[in-house]
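Residue numbers (my numbering), protein chains in the order written: chain A, 213 to 412; chain B, 213 to 412.
Remarks on the structure that follows.
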DNA sequence: CGATATAGTGAACAACGTGTCCAGTAATAC
DNA sequence: GTATTACTGGACACGTTGTTCACTATATCG
């Protein structure tokens, strides 16, 4: 289990932290957010979870942090390392999964809010980087390096740059909203970048 | 002059709007923001401009809107349509200008804040889209279409997609902060995309 | 058992920013 | 002068944050 709010489970003196309350809080945050389309307040989360506000502030620094942890537990989407798929298809699938997540579910709206929050609050930025962006980034980089190893991808390729260029347009259009996220965005971007990536 | 807050200048009955106060407000907003690195409050702007808070709310819906207009007047950077430059160089130069703006000046920090605000407030989003993103986007698209006309760029190219893919990585790294904005980012991204864009 | 340590409660509190209201004053066109 | 609009400054209610405090609850350890 990927605990964001650290919790040593060594037996210590004193009343132990209530796991029941912890999950109640995280579920409350996620439910409120998915229902309202925005980051709930500490007050609302506490009320819904049937918990004192003080308890919230004890374990999390901000509502955005609570929500992020709550969403991660709800979606708990394992990022796939489908090493059987050809590199290009694996990358496209990954970007495509992101695009559809941002488009179809209300997760897109919430991710926008969380990105806004991460600009304001350092805690949120760190948590999002660690638990949201980096896993996806590393998975993509992994596929690219796999491609280099198998000779499909040009050696010396800047895997970080390529990865960012693949993912960036989706977030870019999500944030600015000047163009809808199309079904074929992933394929289009991959097609655009691939000639520079593939070995000639 | 690019007026964001609309102002009919037809002679109307009644006391005319004070241009002195308007510029004082915009300058105050820009100064406070550049000094503090964040979006100032309506209160702070009013105080610094020596103006009533009521006046602010009369002409602008939020502090972010005031700041945006103030920054646009301060930087008033005209986006260049250097049609003499080769298409690839023109595009690179444009992306490069953005990267350096985000890196060097404190504008990067402020643009982050404004993007966050634009996620929360519709007014800000609309204003940023119209006065910040679209001009740059259209300039890039213009160069691409110029390229198509002169035969340098592959006909049928999705100019919008290419433009977004060129600009997106800079914003992407600015927001997430997982990688520094390098001096050569513009050139790297252009090089990555160009093979798919240029005629064979 | 008692001592100690930690978790959780509920209420209160100050601080801050927002957005609106209102009575009064100022400047312009007709 | 009259109508019309701009600006002032103070007040207000509202919501959210983050902290404090006395109190209760539940665990470990000797």
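Cβ atoms here follow ideal geometry from the backbone N, Cα and C, with glycine treated the same way.
It should be emphasised that the depicted structure is a prediction, and the values quoted were computed from it without experimental measurement.
Check: Given residue 341(A) as reference, the closest of 248(B), 386(B), 345(B), 376(B) once Cα atoms are compared; Outcome: 386(B)
Check: Residue 375(B) beta carbon less than 8 Å from that of residue 349(B); Outcome: yes
Check: Short-range partners of chain A found in the stretch 269–287 of chain B, where Cβ spacing is below 9 Å; Outcome: none
Check: Near-chain A residues of the stretch 374–396 of chain B (beta-carbon distance less than 8 Å), N- to C-terminal order; Outcome: 374, 376, 377, 379, 380, 381, 383, 384, 385, 387, 388, 389, 390, 391
Check: Residue 249(B) and residue 321(B) closer than 8 Å at C-beta; Outcome: yes
Check: Stretch pair the stretch 295–312 of chain B + the stretch 390–404 of chain B: three plus CB contacts closer than 8 Å; Outcome: yes
Check: Pairwise C-alpha distance: residue 259(A) and residue 243(A); Outcome: 13 Å
Check: Test item: CB-CB of residue 300(B) and residue 388(B) under 8 Å; Outcome: no
Check: Contact under 8 Å by Cβ, residue 281(B) with residue 238(B); Outcome: yes
Check: Where residue 331(A) meets chain B, residues with beta-carbon distance less than 8 Å; Outcome: 324, 325, 327, 328, 387
Check: Alpha helix (DSSP H) segment containing residue 347(A), residue limits; Outcome: 346–362
Check: Interface partners of residue 244(B) on chain A, CB under 7 Å; Outcome: Neighbours of residue 244(B) on chain A: none; closest Cβ ~17 Å, over 7 Å.
Check: Euclidean distance between Cα positions of residue 334(A) and residue 412(A); Outcome: 43 Å
Check: Cutoff 8 Å: residue 347(A) Cβ touching any chain B Cβ; Outcome: no
Check: Run of the alpha helix (DSSP H) containing residue 240(B), from where it starts to where it stops; Outcome: 231–248
Check: Alpha-carbon to alpha-carbon, residue 351(B) and residue 292(B); Outcome: 8 Å
Check: Chain B contact for residue 255(A) (CB, 8 Å cutoff); Outcome: no
Check: is_contact[residue 337(A), chain B] using C-beta, thresh 8 Å; Outcome: yes
Check: Proximal residues of chain B, C-beta to C-beta of residue 401(A) below 7 Å; Outcome: 377
Check: Alpha-carbon spacing of residue 317(B) relative to residue 251(B), whole angstroms; Outcome: 16 Å
Check: Any chain A beta carbon closer than 8 Å to residue 407(B); Outcome: yes
Check: is_contact[residue 296(B), chain A] using C-beta, thresh 8 Å; Outcome: no
Check: With 16 other Cβ atoms within 10 Å as the buried cut-off, status of residue 225(B); Outcome: exposed
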